[in-house]
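J.:
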Amino acid sequence: ERELQIFACFNNEACAGEDGRPSESPTNSPTAVPSFSPTKTPSSSPTSVPTVSPTISRAPNFTNQPSNAPTISSRPTESTQPSTVPTQYPTSSPTAQPSPYPSPHPSATPTASSTMGIPAPTTFAFSQPKSNDYPTSGTINFVRRYNFDISTGTITSFVTMKFVDIDPPNAPGAKIYLSPVAGGKKVNDVGVIPVDIEQAEKNGWYTVEGSFEQNAPGDYDENTNYQQVIIWCEPFNVYIGGGTIEYLE
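Here this note's numbering = 1-based position in the sequence shown + 43.
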């Protein structure tokens, strides 16, 4: 208060009394220089004219541009729609395992063989050899099958012998031969070829029971009209049975 009194007297204004109180009547014009110390209590009403320089807000600044570093969310967002961009890496766990069993029903589309024009297998002949001394039964079918050669694009045929419900003769060393001689009983006739049973335990002998199929012998000639199946006893070199080959085509 003493400083304000001195400043007022310097400007030829009414000075405060000796008791240090301000004058009772205010001056007509504001002082040119503000007081050295601000008031302790701010005014209750704002000023009518804003200040030239803005006040400095203590609130945080909000920029219009995003920050260079992304915000780290405490929990990931859950979208209801799948992403349109595929992931860069495969999943850590594989997909479900395929079925270990084939389908119970065949496919509606035809197999490759039918679409490529490969003929179906055909049984073109059969024989049911018999023996008077050593009972035997069963049927030997002669089947023509086909292969498709990818390298040449051609279809080739081959012959198999399909043994059905065979009960071989209980004879020592029985063996099968094919003879071009009708009613032939000799294995040394011209054109006679042996048939080794592939599943036999010994010497290709005719001792395997049941049903099975194997390729015709390597020296089988489709142009040869085989007429007879011969059952031959190898150890004693004798004929023990046979059957006529009947053709179906």
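The beta-carbon is built from N, C-alpha and C at its ideal position, and this holds for glycine as well. Just so you know, these numbers come straight off a predicted model, no measurement behind them.
What runs of the beta strand (DSSP E), each 3 residues or longer, lie entirely inside the segment 212 to 283?
T.: List check, beta strand (DSSP E) in window: 217 to 222, 236 to 238, 253 to 258, 271 to 276.
J.: Near residue 204, what residues of its chain come up, given a Cβ to Cβ distance below 8 Å and the 5 sequence neighbours on each side ignored?
T.: Position 161 of the sequence shown, counting from 1, holds the residue named residue 204. Hits under 8 Å: 183, 184, 185, 186, 238, 256, 257, 258, 259.
J.: Given that a residue counts as buried once 16 or more other Cβ atoms are within 10 Å of its Cβ, and exposed if not, what is residue 214?
T.: Reading the sequence shown from its first residue, position 171 is the one you call residue 214. Residue 214 is buried by the Cβ-count criterion.
J.: Since I believe residue 275 is in contact with residue 282 (beta carbons under 8 Å), could you give me their beta-carbon distance rounded to a whole number of angstroms?
T.: To locate residue 282, count along the sequence shown from 1; it is residue 239. To locate residue 275, count along the sequence shown from 1; it is residue 232. The pair is a contact, with the Cβ atoms about 6 Å apart (cut-off 8 Å).
J.: Can you check which of these residues, 242, 246, 191, is closest to residue 252 by C-alpha distance?
T.: In the sequence shown, residue 252 corresponds to position 209, counting from 1. It is 242.
J.: Over what stretch of residues does the beta strand (DSSP E) that includes residue 205 continue unbroken?
T.: Start at 1 with the first residue of the sequence shown, and residue 205 comes out as number 162. Element bounds for residue 205: 197 to 210.
J.: Determine which residues share a DSSP beta bridge with residue 184 and list them.
T.: Along the sequence shown, one-based indexing puts residue 184 at 141. Answer is 169, 205.
J.: By alpha-carbon positions, which one of 176, 124, 207, 288 ends up nearest to residue 227?
T.: Along the sequence shown, read from residue 1 onward, the residue named residue 227 stands at position 184. When only C-alpha atoms are compared, the closest one is 288.
J.: For residue 191 and residue 201, I'd like the C-alpha separation in whole angstroms.
T.: In the sequence shown, residue 191 corresponds to position 148, counting from 1. In the sequence shown, residue 201 corresponds to position 158, counting from 1. Cα to Cα, residue 191 sits roughly 11 Å from residue 201.
J.: Hey, residue 225 and residue 249: beta-carbon distance below 8 Å or not?
T.: Taking the first residue of the sequence shown as 1, we reach residue 225 at position 182. Taking the first residue of the sequence shown as 1, we reach residue 249 at position 206. Not a contact, by the Cβ cut-off of 8 Å.
J.: Give the secondary structure of residue 289 by DSSP, where H, G and I count as helix, E and B as strand, and everything else as coil.
T.: Working through the sequence shown from its first residue, we reach residue 289 at position 246. Strand.
J.: Report, in whole angstroms, the separation of the C-beta atoms of residue 290 and residue 168, which I expect to be a contact under 8 Å.
T.: Along the sequence shown, read from residue 1 onward, the residue named residue 290 stands at position 247. Along the sequence shown, read from residue 1 onward, the residue named residue 168 stands at position 125. With a Cβ gap of about 5 Å, residue 290 and residue 168 count as contacting.
J.: Between residue 196 and residue 174, what straight-line distance do the alpha-carbon atoms span, to the nearest angstrom?
T.: Taking the first residue of the sequence shown as position 1, residue 196 is located at position 153. Taking the first residue of the sequence shown as position 1, residue 174 is located at position 131. For residue 196 and residue 174, the distance between alpha carbons rounds to 46 Å.
J.: Identify every residue that forms a DSSP beta bridge with residue 192.
T.: Here residue 192 is taken as the residue at index 149 of the sequence shown, counted from 1. Answer is 197, bridged to residue 192.
J.: Going straight from the alpha carbon of residue 180 to that of residue 233, what length do you get?
T.: Sequence index remark: in the sequence shown, residue 180 carries index 137 (1-based). Sequence index remark: in the sequence shown, residue 233 carries index 190 (1-based). Roughly 27 Å separates the two Cα atoms.
J.: Roughly how many angstroms lie between the CA atoms of residue 199 and residue 273, to the nearest whole one?
T.: Within the sequence shown, numbered from 1, the residue matching residue 199 stands at position 156. Within the sequence shown, numbered from 1, the residue matching residue 273 stands at position 230. Cα to Cα, the separation comes out at about 29 Å.
J.: Please classify residue 209: is it buried, with 16 or more other beta-carbons within 10 angstroms of its beta-carbon, or exposed?
T.: By 1-based counting over the sequence shown, the position of residue 209 is 166. When all chains shown are included, residue 209 counts as buried.
J.: Tell me which same chain residues have a C-beta within less than 7 Å of the C-beta of residue 285, skipping the five on either side of it?
T.: Looking up residue 285 in the sequence shown gives position 242. Correct list, in chain order: 172, 228, 271, 272, 273, 274.
J.: Grab me the residues of residue 161's own chain with a C-beta within less than 7 Å of its C-beta, minus the 5 sequence neighbours each way, in chain order.
T.: Here residue 161 refers to the residue found at position 118 when the sequence shown is read from its first residue. Excluding sequence neighbours, residue 161 sits near 189, 191, 198.
J.: Once the 5 residues before and after residue 263 are set aside, which same chain residues still bring their CB inside 7 Å of it?
T.: Indexing the sequence shown from 1 puts residue 263 at position 220. Cβ within range, chain order: 202, 236.
J.: Near residue 20, what residues of its chain come up, given a Cβ to Cβ distance below 7 Å and the 5 sequence neighbours on each side ignored?
T.: This structure leaves residue 20 out entirely; the chain is present only between 44 and 292.
J.: Considering Cα atoms alone, identify which of 279, 245, 206, 211 is closest to residue 177.
T.: Along the sequence shown, read from residue 1 onward, the residue named residue 177 stands at position 134. Minimum Cα distance to residue 177 is reached at 211.
J.: Compute the distance between the beta-carbons of residue 254 and residue 206, then report whether it is under 8 Å.
T.: Along the sequence shown, read from residue 1 onward, the residue named residue 254 stands at position 211. Along the sequence shown, read from residue 1 onward, the residue named residue 206 stands at position 163. Yes, Cβ-Cβ distance for residue 254 and residue 206 is below 8 Å.
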